[in-house]
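In the numbering used here, the protein residues as written are 416 to 956. Read through the structure below, which is laid out as structure tokens, and then see the notes.
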Ligand code: F6P
């Protein structure tokens, strides 16, 4: 069964059979027509340039992929999302992250979005200028964001990326893991008198976040902060404000997000408070403006030149036709270190699904495994497999034309590596070429010097790491995910797959800590693991 089944899908299958063995290096070599292949397959949107030319696509491929997008109803899914329709039917919700960066007063929920952002900006400014102080009158020097998943990964990624724009006297920390090591590491580095904790949880029920928040709160009290002064040090961000107040946070220090913003799409809301404190309201606004520029591009550019549409479709080309299991994101930028981790949630929590919107189950692959690491580090680790392993892993290279730091002499080396990797992966090295490199004395070495080549990649180019460009980059991936969800006919905005583990986790936690344990309750493996842990904790069996 193909997605729906669509006639464009069968046409793509026939096209795949024709070009599956064609070689990119031959296409480039034979490409004498103007404009050149690179130019024909390079497009710009929202200030980002995408070179798709090192992908295993021809003009016909793009034509057929765009036909697939049209037939699958990508346009209707896109418009329904922007219009605030219930595009997340299993939770009965809209997905209006785009409204958070919309500028027109007629955008959905505009007044309440603007009011909440003004509240955030006023608060962030007080923290930044030192007029918001801790209970002993000292300015805030440490901001600790406690959250997990979408309440952590987006803000952490952005704060790290825009570190060059950050307030020089404020250090930002992110604590997500219920492993006490995460919070303990941060506690060892902060002074409670100078610390602001932002507890971020859409639901305000998440085990990890609530555990860390409670531990930190208790620590503040132990360290001498009077209960009634905790309001100086704790603020909350949630779509469930009453729970925030119940936790003990002053109602005036609650920033609201809404159920029509998905957790992994929420950094544009009050969930981004740590971003605003780090870089200021102006840069936060620039982040929103960049995302809005990508929204406009997604809404208005013809599919043939539409970055999120093309990225989504090319991903489907590899996943569903070439059978690629994973795709790699390789930002050639330390500042973009957390982009792959952020994208793992965005891509896999959104599109790692088997149930279709019509209630049937898919019999085609959906989300690829998303992974990544900044270049050039990856080159000295797993790039070996990308070059010579038998598996094809499509890659998104992300390059910054100008550095955001003062060590500019490093930059040509960084960019050279980025561009050379995509070239080497595409070109490969034939056995004849390998024999020459091995030389007549070492013929047995030649097979080891062969590179299959024909390894596809897209290069995304940002002129500089501004908040604006970063916003556009994130929105590009958000919309790419929607495009793929539309073709796969799935709902990218729910995440039922995280629930079963949470339910069983509560049972196991009780079994780990209860005075007695009934080992017949679980399968023998889980029971044995529980018994081992109970013994180690001195709880007997
Ligand atoms: O368990 C998954 C999840 O619900 C994510 O979707 C979400 O981003 C994360 O947990 C955190 O949820 P919350 O913001 O409600 O604490």
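From the three backbone atoms N, C-alpha and C, an ideal C-beta is built for every residue, glycine too. Since this is a predicted model, take the numbers as computed values, not measurements.
C-alpha distance - residue 660 paired with residue 650, whole-angstrom precision: Counting from one through the chain shown, the residue named residue 660 turns up at place 245. Counting from one through the chain shown, the residue named residue 650 turns up at place 235. Going by the C-alpha atoms only, they are around 10 Å apart.
Identify whether residue 746 lies in helix, strand or coil by the three-state DSSP scheme. On the chain shown, position 331 is the one that residue 746 refers to. The answer is strand: DSSP assigns residue 746 an E or B state.
Just curious, the alpha helix (DSSP H) that residue 560 is in, first and last residue? As a working note, residue 560 is residue 145 in the chain shown. Unbroken run through residue 560 is the beta strand (DSSP E), 557 to 561; no alpha helix (DSSP H).
Which residue wins for smallest C-alpha separation from residue 912, given the options 899, 767, 424, 431? Translated into the one-based positions of the chain shown, residue 912 becomes position 497. Answer by Cα proximity: 767.
Hey, is residue 617 close to the ligand F6P, as in C-beta under 7 Å from one of its heavy atoms? Start at 1 with the first residue of the chain shown, and residue 617 comes out as number 202. Yes, Cβ of residue 617 sits closer than 7 Å to a heavy atom of the ligand F6P.
Buried or exposed for residue 776, please, with buried defined as at least 16 other CB atoms from any protein chain shown within 10 angstroms of its CB. Mapped onto the chain shown, residue 776 falls at position 361. Exposed is the call here.
Does DSSP put residue 967 in a helix, a strand or coil? With the chain covering only 416 through 956, there is no way to say anything about residue 967.
With a threshold of 6 Å on Cβ separation, who are the neighbours of residue 605 within its own chain once the five nearest residues in sequence on each side are excluded? Taking the first residue of the chain shown as 1, we reach residue 605 at position 190. Counting only Cβ-Cβ distances below 6 Å, and skipping sequence neighbours, we find 557.
In its own chain, which residues sit with a C-beta less than 6 Å from the C-beta of residue 712, not counting the 5 before and 5 after it? As a first step, residue 712 must be located in the chain shown, where it is residue number 297. Here the set comprises 460, 461.
Which same chain residues end up closer than 8 Å to residue 609 when comparing Cβ atoms and leaving out the 5 residues on each side of it in sequence? Walking along the chain shown from the start, residue 609 turns up at place 194. Excluding positions up to five away in sequence, the list reads 549, 553, 554, 555, 556, 557.
Give me the Cα-Cα distance between residue 771 and residue 782, rounded to the nearest whole angstrom. Stepping through the chain shown from its first residue, residue 771 is reached at position 356. Stepping through the chain shown from its first residue, residue 782 is reached at position 367. So the alpha carbons of these two residues sit roughly 13 Å apart.
Are residue 810 and residue 743 closer than 8 Å when you measure CB to CB? In the chain shown, the residue the question calls residue 810 occupies position 395. In the chain shown, the residue the question calls residue 743 occupies position 328. For residue 810 and residue 743, yes; Cβs fall inside 8 Å.
Three-way DSSP call (helix, strand, coil) for residue 904 in this model: Here residue 904 corresponds to residue number 489 of the chain shown, with the count starting at 1. DSSP places residue 904 in coil when its eight states are reduced to three.
Could you pull out every residue in the same chain whose Cβ sits closer than 8 Å to the Cβ of residue 440, ignoring the five residues on either side in sequence? Locating residue 440 in the chain shown gives position 25, where the first residue counts as 1. Cβ within range, chain order: 841, 842, 843, 868, 869.
Would you report the Cα separation of residue 585 and residue 694, rounded to the nearest angstrom? What you label residue 585 is simply residue 170 of the chain shown in a count that begins at 1. What you label residue 694 is simply residue 279 of the chain shown in a count that begins at 1. Near 10 Å, if we compare the C-alpha coordinates of residue 694 and residue 585.
Can you tell me the Cα-Cα spacing of residue 929 and residue 921, whole angstroms? Mapped onto the chain shown, residue 929 falls at position 514. Mapped onto the chain shown, residue 921 falls at position 506. Computed Cα separation, rounded: 12 Å.
To which residues does DSSP link residue 651 through a beta bridge? Working through the chain shown from its first residue, we reach residue 651 at position 236. Partner(s): 614, 669.
So if DSSP puts residue 686 in a beta bridge, which residue, or which two residues, is it bridged to? Here residue 686 refers to the residue found at position 271 of the chain shown. BP columns for residue 686 are empty, so no partner.
Under DSSP, the beta strand (DSSP E) around residue 463 begins and ends at which residues? What you label residue 463 is simply residue 48 of the chain shown in a count that begins at 1. Residues 463 to 466.
Nearest CA to the CA of residue 617: which residue from 668, 679, 573? As a first step, residue 617 must be located in the chain shown, where it is residue number 202. Considering only alpha carbons, the answer is 679.
Report yes if the C-beta distance between residue 648 and residue 612 is below 8 Å; otherwise report no. By one-based count along the chain shown, residue 648 stands at place 233. By one-based count along the chain shown, residue 612 stands at place 197. Yes, the Cβ-Cβ distance between residue 648 and residue 612 is below 8 Å.
Could you tell me which residues DSSP puts in a beta bridge with residue 457? Position 42 of the chain shown, counting from 1, holds the residue named residue 457. 466.
Given a cut-off of 8 Å, decide if residue 464 and residue 876 are closer than it, judged by their beta-carbon atoms. As a first step, residue 876 is located in the chain shown; it is residue number 461 there, counting from the start. As a first step, residue 464 is located in the chain shown; it is residue number 49 there, counting from the start. By the CB criterion at 8 Å, residue 876 and residue 464 fall inside the cutoff.
Distance, Cα to Cα, residue 669 vs residue 688? As a working note, residue 669 is residue 254 in the chain shown. As a working note, residue 688 is residue 273 in the chain shown. About 11 Å.
Pick out the complete alpha helix (DSSP H) segments inside the region 539 to 605, 4 residues or longer, and give them in chain order. 568 to 576, 595 to 602
Who are residue 727's beta bridge partners in DSSP? The count along the chain shown starts at 1 and reaches residue 727 at position 312. Residue 727 is not bridged to any residue.
What is the DSSP secondary structure of residue 786, reduced to helix, strand or coil? Translated into positions along the chain shown, residue 786 becomes position 371. Reduced to three states, the DSSP call for residue 786 is strand.
Shortest alpha-carbon distance to residue 452 belongs to which of 469, 437, 438? Here residue 452 is taken as the residue at index 37 of the chain shown, counted from 1. When 469, 437, 438 are compared, the shortest CA-CA separation from residue 452 is found for 469.
To the nearest angstrom, how far is it from the Cα of residue 526 to the Cα of residue 720? One-based indexing of the chain shown puts residue 526 at position 111. One-based indexing of the chain shown puts residue 720 at position 305. Residue 720 has its alpha-carbon roughly 33 Å from the corresponding atom of residue 526.
Report all residues from its chain with a CB closer than 7 Å to the CB of residue 601; omit the five preceding and five following residues, and keep chain order. Position 186 of the chain shown holds residue 601. 559, 588, 590.
Any heavy atom of the ligand MG closer than 7 Å to the CB of residue 516? This structure lacks the ligand MG; the ligands present are the ligand F6P.
Counting Cβ pairs, one atom from each stretch, are 3 or more of them under 8 Å apart for the region 479 to 487 and the region 881 to 889? no
In terms of DSSP beta bridges, what is residue 813 paired with? In the chain shown, residue 813 corresponds to position 398, counting from 1. For residue 813, which the question treats as bridged, DSSP gives the partners 746, 875.
Using the Cα positions of residue 859 and residue 435, report the straight-line distance between them to the nearest angstrom. Locating residue 859 in the chain shown gives position 444, counting from the first residue. Locating residue 435 in the chain shown gives position 20, counting from the first residue. Distance between the alpha carbons of residue 859 and residue 435 is about 30 Å.
When the Cα atoms are used, what is the spatial distance from residue 935 to residue 942? As a position in the chain shown, residue 935 is number 520, starting the count at 1. As a position in the chain shown, residue 942 is number 527, starting the count at 1. Going from the Cα of residue 935 to the Cα of residue 942 covers about 7 Å.
Helix, strand or coil at residue 776 [DSSP, three-state]: As a working note, residue 776 is residue 361 in the chain shown. Here residue 776 sits in strand by DSSP.
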